[in-house]
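Colleague: Numbering (the numbering used here), first residue to last: 1468 to 1775.
Positions of the beta carbon are idealized from the N, C-alpha and C atoms, including for glycine.
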Ligand SMILES: [Zn+2]
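1) Can at least three beta-carbon pairs, one atom from the region 1721 to 1738 and one from the region 1691 to 1709, be found at a separation below 8 Å?
2) Say whether the region 1599 to 1617 touches the region 1568 to 1578, bearing in mind that this needs 3 or more beta-carbon pairs closer than 8 Å, one atom from each stretch.
3) Less than 9 Å between the beta carbons of residue 1478 and residue 1496, yes or no?
4) Using the three-state DSSP reduction, which class does residue 1748 fall into: helix, strand or coil?
5) Quick check: the Cα distance between residue 1470 and residue 1488, rounded to an integer number of angstroms?
6) Please list, in chain order, all residues of the same chain as residue 1516 whose beta carbon is under 8 Å from its beta carbon, the five residues on each side excluded.
7) On the premise that residue 1608 lies in contact with residue 1549, defined as a C-beta separation below 8 Å, what is that separation, rounded to the nearest angstrom?
8) Going by Cα to Cα distance, which pick from 1689, 1552, 1564, 1740 is closest to residue 1606?
9) Less than 8 Å between the CB of residue 1617 and some heavy atom of ligand 1, yes or no?
10) Are there three or more Cβ pairs, one per stretch, closer than 8 Å when the region 1654 to 1672 is compared with the region 1538 to 1547?
11) Do you know offhand how far residue 1720's Cα is from residue 1657's?
12) Please indicate yes or no: does the CB of residue 1640 lie closer than 8 Å to some heavy atom of ligand 1?
13) Helix or strand or just coil, what does DSSP make of residue 1666?
14) Grab me the residues of residue 1692's own chain with a C-beta within less than 7 Å of its C-beta, minus the 5 sequence neighbours each way, in chain order.
15) Take residue 1641 as the anchor and find which of 1653, 1619, 1652 has the nearest alpha-carbon.
16) Reducing DSSP to helix, strand and coil, say where residue 1689 ends up.
17) Using a Cβ-based criterion (distance less than 8 Å to any ligand heavy atom), does residue 1776 qualify as near ligand 1?
18) So, helix, strand or coil for residue 1475, using DSSP?
19) Does DSSP put residue 1522 in a helix, in a strand, or in coil?
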C-alpha cells in the first residue's frame, strides 16, 4: 500500500478528512519556527500544506513568518518566493559583473551619479576607476543595470578628464537641481513599487478588515467639510462648538472626534456621509440614486402617504 493509500485509510479510521491527516503529517517536515507558529495559533493547521512545498527553503518560510504584512498565506508565500528569486537574480548579476572586473552593487552611494545624468558614455567610462554599476530588478524580475560614476567631480571641468560627454548635459546641473531631480526619480520609483504592491494586495483574498481598517478611515479623512457638516447635522450625535466672536457653529470638529471614538461610530459616520452624498447626487450620478433607493428599500422604508 502506497503512502497516499495509507493516509486515506488512516483518515477513514480517524473519521477525518484526508486533508486533516495530510496537514498533520506536513507539520513534522516544517522548520521549528513554522511549527511554533501553528502551535501558537498564528497559522492554521491547514496552512502546513501550503508551507510544505517550501519546507527545504527556510529563508522563504522565515520571511513569511516574520513579515508584518497580513495578506493571506498564499499571497505572502508568492511574495516571499518572488523576493528570493530577485535576490538570487541580483547575486548572479553581481558575480557576473565581478567576473568581468566591474564593481556592481544594489544601492547608489551618496555622491555617485548615473553616467547618463553626467552626459558620460559607458564605453568610455568603463575603464575608469570611478566606474561601477547599480543593479536592480524590474517588476518582471528582470535585471536592470545602470552605469554610475563614483566621483563625478573627476569629469566636471574640461581638462580634468579626457572622457567625451554625449553633450546631453551642456550646462552642468547645480547640486540643488540634481538633488531635486534625484528626489523626484526616487519618489517615482517608490510610488511605482508601492502601487505594484497595492495592486497585488487588492487582487489577493479580500478581507472584511480591508473595509474597516482602511477604506472607511481613508474615505472619512478625505471627506469634504460640507458633507461632514451635513452628516453631523443629520445624525445629531454631537453639539456644534460655538465661536464666541462670531455666530460660527462648527459641526465637523466634534463629529470627526466622535467618529474616531469607535469602529461603530466611524461606520455610522460614513453611512451618514454616503447618505447625504447620495441624496445630493444629481441625475448625472444615477448609480448613487439607485444605491440609496436600494438601501432604503432593503431596510423596509415606505414613503409617507400624502395627507388627504
Ligand atoms: Zn567617473
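Modeller: Walking through what the data contain:
1) yes
2) yes
3) Within the chain shown, numbered from 1, the residue matching residue 1478 stands at position 11. Within the chain shown, numbered from 1, the residue matching residue 1496 stands at position 29. Their beta carbons are not under 9 Å apart, which means residue 1478 does not touch residue 1496 by this criterion.
4) If you number the chain shown from 1, residue 1748 lands on position 281. It is coil, neither helix nor strand.
5) Position 3 of the chain shown, counting from 1, holds the residue named residue 1470. Position 21 of the chain shown, counting from 1, holds the residue named residue 1488. Taking the straight line joining both Cα atoms gives about 12 Å.
6) Along the chain shown, one-based indexing puts residue 1516 at 49. Same-chain partners within the cutoff: 1486, 1489, 1490, 1493.
7) Mapped onto the chain shown, residue 1549 falls at position 82. Mapped onto the chain shown, residue 1608 falls at position 141. With a Cβ gap of about 7 Å, residue 1549 and residue 1608 count as contacting.
8) Translated into the one-based positions of the chain shown, residue 1606 becomes position 139. The candidate whose alpha carbon is nearest that of residue 1606 is 1552.
9) Taking the first residue of the chain shown as 1, we reach residue 1617 at position 150. Yes, ligand 1 has a heavy atom inside 8 Å of this Cβ.
10) yes
11) In the chain shown, counting from the first residue as 1, residue 1720 sits at position 253. In the chain shown, counting from the first residue as 1, residue 1657 sits at position 190. Answer to the nearest angstrom: the Cα atoms are 34 Å apart.
12) Here residue 1640 refers to the residue found at position 173 when the chain shown is read from its first residue. Result no, Cβ not under 8 Å from ligand 1.
13) Here residue 1666 refers to the residue found at position 199 when the chain shown is read from its first residue. Here residue 1666 sits in helix by DSSP.
14) Here residue 1692 refers to the residue found at position 225 of the chain shown. For residue 1692, where only same-chain residues beyond five positions count, the Cβ hits under 7 Å are 1719.
15) Taking the chain shown and counting its residues from 1, the one referred to as residue 1641 is at position 174. Of the candidates 1653, 1619, 1652, the one whose C-alpha sits nearest the C-alpha of residue 1641 is 1619.
16) Mapped onto the chain shown, residue 1689 falls at position 222. Residue state, collapsed to three classes: helix.
17) Nothing can be reported for residue 1776, as the shown portion of the chain is limited to 1468 through 1775.
18) For the purposes of this step, residue 1475 is taken as residue 8 along the chain shown, with counting starting at 1. It is helical.
19) Position 55 of the chain shown holds residue 1522. Coil, per DSSP.
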